Amino acid sequence: MTVKLVYFAWVRERIGLPEETVDLPADVKTVTNLLAWLKTRGENYETALERSDVIRVAINQEHAEHTAALPRNGEVALFPPMTGG
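Counting in this note's numbering, the sequence shown runs without a single skipped number right up to 816 at its last residue.
Written as structure tokens, this is what we have:
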């Protein structure tokens with residue numbers, strides 16, 4: 732399965748890419764699986780996703796839970812929690 736990954740804020744800074752298109756292994760079917768797989772792609776991914784439980788996700792521009800299924804040929808955006816005042 733191929734998906735477009737888009738990274739925002741410090742996730743982008745730590746990974747070092749604004750976006751990329753990846754072919755996922757067959758066993759990567761959910762956001763949780765995706766985050767675990769990304770951590771295996773190198774130190775920059777591992778650092779960016781060290782606290783994957785706080786990473787927010789949007790699938791095809793809709794907020795999604797970590798249990799959500801990944802879309803075939805879709806877009807997955809990863810970003811840190813929102814803060815502000």
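Even for Gly, the Cβ is constructed at its ideal location relative to N, Cα and C.
Bear in mind that the values here come from a model prediction, so they are computed numbers and not experimental data.
DSSP on residue i, reduced to helix/strand/coil?
i      : result
Arg772 : coil
Val799 : A small fix is needed here, since residue 799 is Ala in this sequence, not Val. Coil.
Leu766 : helix
Glu781 : coil
Ile786 : coil
Gly816 : Unreliable placement is indicated for Gly816, whose pLDDT of 49 sits below 50; the coordinate value is still reported in the next sentence. Correct three-state label for Gly816: coil.
Rounded to the nearest angstrom, how far is the Cβ of residue i from that of residue j, given a contact under 8 angstroms?
i      : j      : result
Phe739 : Ala808 : 7 angstroms
Val734 : Glu806 : 7 angstroms
Val742 : Pro811 : 6 angstroms
Taking DSSP's pairing of strands, which residues face residue i in a bridge?
i      : result
Val759 : Beta-bridge pairing links Val759 to no other residue.
Could you say which of the options lies nearest to residue i if we only look at CA atoms?
i      : options                        : result
Asp754 : Thr763, Trp741, Glu744, Leu769 : Leu769
Gln792 : Val785, Leu801, Asp784         : Leu801
Please tell me whether, using a cut-off of 7 angstroms, the distance from the CB of residue i to the nearest non-hydrogen atom of the ligand FAD is below it.
i      : result
Leu769 : This structure lacks the ligand FAD; in fact it carries no ligand of any kind.
How about residue i and residue j: are their beta carbons less than 8 angstroms apart?
i      : j      : result
Gly747 : Asn775 : yes
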